[in-house]
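Peer 1: Here you go, one structure.
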Amino acid sequence: MITPRFSCSQNDTSVVVSVYCPAVRGSEVEIHLDETLLSLHVAPYFLRLNFPASLVEDDQSSAVYDPASGYLTLTLTKQNPRENFPDLDFSDPTCKPTIEVLSSQDNSVDPGAAEHNEFLEAAANGWTIPQTISDTLPPYGFLNAYTGYFLHVATTENEINELGADAETLSLSERRNRRLKHEDSKWDPEHYMADFADDDQIEELLAWMHPHLEPPSANIVIFTEAENAAMLRLHRKEYLSSPQDTHGLYLTLLTLLFSYAYDARTTHHEPTPESAWTIAALTPAFSALDPPPYSSQPQPQTRTRHIDGHPPSASYDFGVHARELAETLIPSYRRALAFPLYRSWALAEACRTDVARFLMRGTRTVLRCLLELRTILDGHEVYYRYSRIWLDDFCRWIQACASEDTLVQLGQVVSRLSISKDSLGWDLVALESMVQIAKEGQPDSDDESERPALL
């Protein structure tokens, strides 16, 4: 089961526990309090806290769930009023409450039933059950450092998950195969032809200029107060990555910026409630846990160096690996033509150009884009987990480890890329030719019934 984010506070008479458990039903929350031990369950979340002194449930106690924010607030009465509960912020490890994470091991049974059985078993055993952590699950996320975030994905509403209940158990090659099949199944030639034929809205999107790419009024990007606050909330972390790992991060960065560029163009940089879905659906590392490299060619051997006292970074000659960069962006192009509202090759090309220009603006502009991505996903009750396994680390890494020179050079190469329509595996050229022939054969009459169909 998933341990939710939570915080504790107190006053003279009560302890308040705030638990973040989005997209659940308040009526399904089960709470048990036994003196110092608090246990809470609502699928797929389980939280068990052991407080330093006793609490009681009385008329002043309450449990309130706010579906808008996703927070469950528990107010529990102190058995001894004005007694101080030390270290509720968990600053002292010796006083830290005990939290046990329960996980279902039998994937052959219904996930919801398995979670309920676990909860009943815990109750029957005095709310104690041995913690088991599997070390055999294939990892994913930033530097393949994460597992367990999708153990109960079948019981949550995750519309962009393309791996189903097998998200935690599939190998990388299996994830990639499922991604490719899903993209092919979602490819709609008629939708593509319609957008190619009626391109007035597409032309408007193509003419739009991202504010981060407008001529700068100064030589340096000045972060806003909100951006500075977001960076301060990211705890410092050291990354020890191999040259091949670092190379993969630069490639993954291209796909993140492409998804960001597409959403920014189609919303004119004013994110909508659909933006989190759009970004997650267009990013293979999110929807299929399938980051680059996608190329079979060997990755370059690189030299490492220290930058401003930070952990080692890498400098690459991406100019000799333009083919690999094109292969990295092909899945982004495929997804941009298979999933969102606007499906246009010209729009995908404009997004690639935006990516190149973001990179050529350097570290600060790239970091600003990633912070905006993170804010969009953090505001979603399900997709926030992709911030945890990718964007939090990427924001730290860009600040501390990424090479400014490498970002600029990468942008220059991306700006010169030539991606073939045939490389997507769909007959784009033939479809566009059919539209052109249909347009040329249209009569001058405004009668829609006299116009030939595209297919």
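Quick note: the sequence shown, position 394, residue 394 per UniProt numbering, numbers continuous.
We put the CB at the ideal spot given by N, CA and C, even for glycine.
Just how far apart, CA to CA, sit N144 and T77?
Peer 2: As a working mapping, residue 144 is identified with position 144 in the sequence shown. As a working mapping, residue 77 is identified with position 77 in the sequence shown. Answer to the nearest angstrom: the Cα atoms are 43 Å apart.
Peer 1: Taking the alpha carbon of G379 as the point to measure from, which residue in D58, L40, A63 and Y71 has its own alpha carbon closest?
Peer 2: Here residue 379 is taken as the residue at index 379 of the sequence shown, counted from 1. Considering only alpha carbons, the answer is Y71.
Peer 1: Starting from the N-terminal side, write out each stretch of the alpha helix (DSSP H) that is 4 residues or longer and does not extend beyond the segment 187-257.
Peer 2: DSSP runs (the alpha helix (DSSP H)) wholly in the segment 187-257: 189-197, 200-207 and 225-232.
Peer 1: Do you know how far the Cα of E168 is from the Cα of L137?
Peer 2: By 1-based counting over the sequence shown, the position of residue 137 is 137. By 1-based counting over the sequence shown, the position of residue 168 is 168. About 6 Å.
Peer 1: Could you spell out the range, first to last residue, of the alpha helix (DSSP H) harbouring K439?
Peer 2: Working through the sequence shown from its first residue, we reach residue 439 at position 439. Residues L428 to E440.
Peer 1: Counting only the same chain and skipping the five closest in sequence on each side, list residues whose C-beta sits under 6 Å from that of residue 468.
Peer 2: Because the chain in this structure spans residues 1 to 455, residue 468 falls outside the shown range and cannot be described.
Peer 1: Report the option in V429, S18, R361 and W426 whose CA atom is closest to the CA atom of D405.
Peer 2: Mapped onto the sequence shown, residue 405 falls at position 405. With distances taken between Cα atoms, D405 lies closest to R361.
Peer 1: Quick one: what does DSSP say A63 is sitting in, helix, strand or coil?
Peer 2: Locating residue 63 in the sequence shown gives position 63, counting from the first residue. Correct three-state label for A63: strand.
Peer 1: Could you check whether the segment 333-343 touches the segment 226-244, counting it as contact only if at least three pairs of C-beta atoms, one from each stretch, sit closer than 8 Å?
Peer 2: Not touching, per the Cβ criterion.
Peer 1: For the beta strand (DSSP E) containing Y333, list its first residue and its last residue.
Peer 2: As a working mapping, residue 333 is identified with position 333 in the sequence shown. Where Y333 is concerned, there is no enclosing beta strand (DSSP E), although the alpha helix (DSSP H) it sits in stretches over A322 to A336.
Peer 1: Tell me where the beta strand (DSSP E) around residue 457 begins and ends.
Peer 2: A question about residue 457 goes unanswered here, because the residues of the chain that appear run from 1 up to 455.
Peer 1: Going by Cα to Cα distance, which pick from C369, V29 and E324 is closest to L40?
Peer 2: If you number the sequence shown from 1, residue 40 lands on position 40. Nearest C-alpha to L40: V29.
Peer 1: If you reduce the DSSP assignment to three classes, tell me which class D34 lands in.
Peer 2: Your numbering for residue 34 matches position 34 in the sequence shown. Looking at D34 - three-state DSSP - the assignment turns out to be strand.
Peer 1: Between A226 and P211, what straight-line distance do the alpha-carbon atoms span, to the nearest angstrom?
Peer 2: Here residue 226 corresponds to residue number 226 of the sequence shown, with the count starting at 1. Here residue 211 corresponds to residue number 211 of the sequence shown, with the count starting at 1. In a straight line, the C-alpha of A226 is about 17 Å away from that of P211.
Peer 1: Helix, strand or coil for R265 per DSSP?
Peer 2: Counted from its first residue, the sequence shown places residue 265 at position 265. In the structure shown, R265 sits in a helix (DSSP, three-state: H, G or I).
Peer 1: Quick check on S418: does DSSP put it in helix, strand or coil?
Peer 2: Position 418 of the sequence shown holds residue 418. Coil at S418, not helix or strand.
Peer 1: Residues in the same chain with beta-carbon distance under 6 Å from E372, minus the five sequence neighbours each way, listed in chain order, please.
Peer 2: To locate residue 372, count along the sequence shown from 1; it is residue 372. Closer than 6 Å at the Cβ level, and outside the excluded window around E372, lies no residue.
Peer 1: Would the segment 276-290 and the segment 155-166 be scored as touching if the rule is three or more Cβ pairs under 8 Å?
Peer 2: Yes: the two stretches touch, three or more of their Cβ pairs being nearer than 8 Å.
Peer 1: Could you check if V17 is buried or exposed, using at least 16 other CB atoms within 10 Å of its CB as the buried criterion?
Peer 2: By one-based count along the sequence shown, residue 17 stands at place 17. Under this definition V17 is a buried residue.
Peer 1: Please tell me whether I222 and Y342 are closer than 9 Å, where the distance is taken between their beta carbons.
Peer 2: Working through the sequence shown from its first residue, we reach residue 222 at position 222. Working through the sequence shown from its first residue, we reach residue 342 at position 342. Not closer than 9 Å, so no.
Peer 1: Given a cut-off of 9 Å on the beta-carbon distance, is the pair P46 and L38 in contact?
Peer 2: Within the sequence shown, the letter at position 46 stands for residue 46. Within the sequence shown, the letter at position 38 stands for residue 38. Pro is not the amino acid found at residue 46; the sequence shown has Phe there. Against a cut-off of 9 Å, the Cβ pair of L38 and F46 comes out as no contact.
Peer 1: Could you have a look at R48 and say whether DSSP puts it in helix, strand or coil?
Peer 2: As a first step, residue 48 is located in the sequence shown; it is residue number 48 there, counting from the start. Three-state DSSP puts R48 in a strand.
Peer 1: Under a Cβ-count criterion, where at least 16 other Cβ atoms within 10 Å of its own Cβ denotes burial, should G26 be classed as buried or exposed?
Peer 2: Along the sequence shown, one-based indexing puts residue 26 at 26. G26 is exposed by the Cβ-count criterion.
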